[in-house]
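**Q** Letter by letter, the sequence shown follows residues 1129 to 1373 in this note's numbering.
There's a structure below that I have some questions on.
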Amino acid sequence: MKYLEAIGKYFIMIWEVFKKPTKWPIMKSLILKEIDDLIYGAMGIIIFISFFIGGVVTIQTALNLNSPLLPKSLIGFATRQSVILEFAPTFTSIIMAGKVGSYITSSIGTMRVTEQIDALEVMGINSLNYLVFPKIVATMIYPFAVAISMFVGILGGWIAAVFGGYAPSGEFIKGLQMDFDSFHVTYAFIKSVVFAFVIATVPSFHGFYMKGGALEVGKASTTAFVWTSVVIIIVNYILTQLLLG
1129 MKYLEAIGKY FIMIWEVFKK PTKWPIMKSL ILKEIDDLIY GAMGIIIFIS
1179 FFIGGVVTIQ TALNLNSPLL PKSLIGFATR QSVILEFAPT FTSIIMAGKV
1229 GSYITSSIGT MRVTEQIDAL EVMGINSLNY LVFPKIVATM IYPFAVAISM
1279 FVGILGGWIA AVFGGYAPSG EFIKGLQMDF DSFHVTYAFI KSVVFAFVIA
1329 TVPSFHGFYM KGGALEVGKA STTAFVWTSV VIIIVNYILT QLLLG
C-alpha cells in the first residue's frame, strides 16, 4: 500500500506541476539556469564515459570475433548497434540519474528543510511549477546530449579498433554503414525523452515530499537515485517491447 500511495502521490504531483504557471519572464531565467546546471554541467562526464564505453565495446567484440571466417566489418556493426540502441540512451541516463538526480533531490530537499518552499506557497506561488517545471523543460534537451554520446562512443570504438589493431579503418566504417536502420536512432531519441522526464520528476518527487533535516536530505538523494534507475530500466523494457518488439 505504501508503494501505491507513493505512485498516486507522484502522478498528483505531475498534475500540480502544470497548474497555475509562473510568469514567463521569471520562468525563462529559471529554465536557462536549469539547462546550464542539468545538461551543460553533465556533458563532460557523458563525453568521457561514452568515449571509453565505445572503445571497450569494440575491444570485447573484436576479441569474441576471432574466427578468420568472420569479416572485420562486424566489429563496427556490433559497436554501432550497441552504442545507438542501449549504451548511449540507457547507460547515459543511469549516469544522469546519479549526477543530475541527486542534485535535484538535494537542492529541492534543502529548500524543504529550510522552509523556502513554505515561503513560496505563502506568497501564492505554485511551488511545484516554480521548482519542477523548469527542470522538465531543461531535460527535454537531453536527446542532444544522447546524440553527442552516440558520436563520441562510435568515435571511441573507431580509435580502439584502428589504433589497437583490431580492424582496419575501412572495414570498421563499412560495418558502421552495414544494414543501417534510421529508426534505431529515432527509437533511441524517444527513449531519451521519456528517460529525461523520469530524471526530472522522480528526484523532484523525493526532494519535495521529504521530511526531516540535513541527514534526511542525503538519504532522500540516495533513494531517488535508486528509484530513478529502477524506473528507467522498467521503462526501457516497455519501450523496447513496444517499439522494436
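Built from N, CA and C at the ideal position, the CB exists for glycine as well.
Keep in mind it's a predicted model, so treat the numbers as computed, not measured.
Should Lys-1130 be counted as a contact of the ligand PLP given a C-beta to heavy atom distance under 7 Å?
**A** Although the ligand PLP was asked about, the structure shown includes no ligands whatsoever.
**Q** Go ahead and pull the three-state DSSP assignment for Asn-1254.
**A** Coil, per DSSP.
**Q** I need the boundaries of the alpha helix (DSSP H) containing Ala-1170, first residue and last residue.
**A** It is not in any alpha helix (DSSP H) - Ala-1170 carries neither H nor E in the DSSP assignment.
**Q** Hey, how far is the Cα of Val-1211 from the Cα of Ile-1282?
**A** Val-1211 and Ile-1282: Cα-Cα distance of roughly 7 Å.
**Q** On the DSSP letters alone, give me the boundaries of the alpha helix (DSSP H) that Val-1358 sits inside.
**A** Its alpha helix (DSSP H) spans residues 1342-1372.
**Q** Mind checking which residues open and close the alpha helix (DSSP H) that includes Glu-1243?
**A** Neither: Glu-1243 is in no alpha helix (DSSP H) and is coded neither H nor E.
**Q** Compute the distance between the beta-carbons of Ile-1203 and Leu-1193, then report whether it is under 8 Å.
**A** Contact flag set, yes.
**Q** Give the straight-line distance between the Cα atoms of Leu-1259 and His-1312, rounded to the nearest whole angstrom.
**A** Cα-Cα distance, rounded: 34 Å.
**Q** Quick check on this structure: which residue in Ile-1232, Gly-1183, Gln-1369 has the alpha carbon closest to the alpha carbon of Lys-1315?
**A** The identity of residue 1315 in the sequence shown is Tyr, whereas the question assumes Lys. Considering only alpha carbons, the answer is Gln-1369.
**Q** Please state whether DSSP places Pro-1199 in a helix, a strand or coil.
**A** Three-state DSSP puts Pro-1199 in coil, outside helix and strand.
**Q** So is Ile-1156 buried or exposed if we call it buried at 16+ other beta carbons inside 10 Å?
**A** According to the sequence displayed, residue 1156 carries Lys and not Ile. That one is exposed.
**Q** So, under 8 Å CB-CB, Gly-1136 and Gly-1285 are touching, yes? Tell me the CB distance rounded to an integer number of Å.
**A** 44 Å between Cβ atoms; not a contact.
**Q** For the pair the segment 1283-1303 and the segment 1339-1356, tell me if three or more CB-CB distances fall below 8 Å.
**A** As far as the Cβ criterion goes, the segment 1283-1303 does not touch the segment 1339-1356, which means the pair count is below three.
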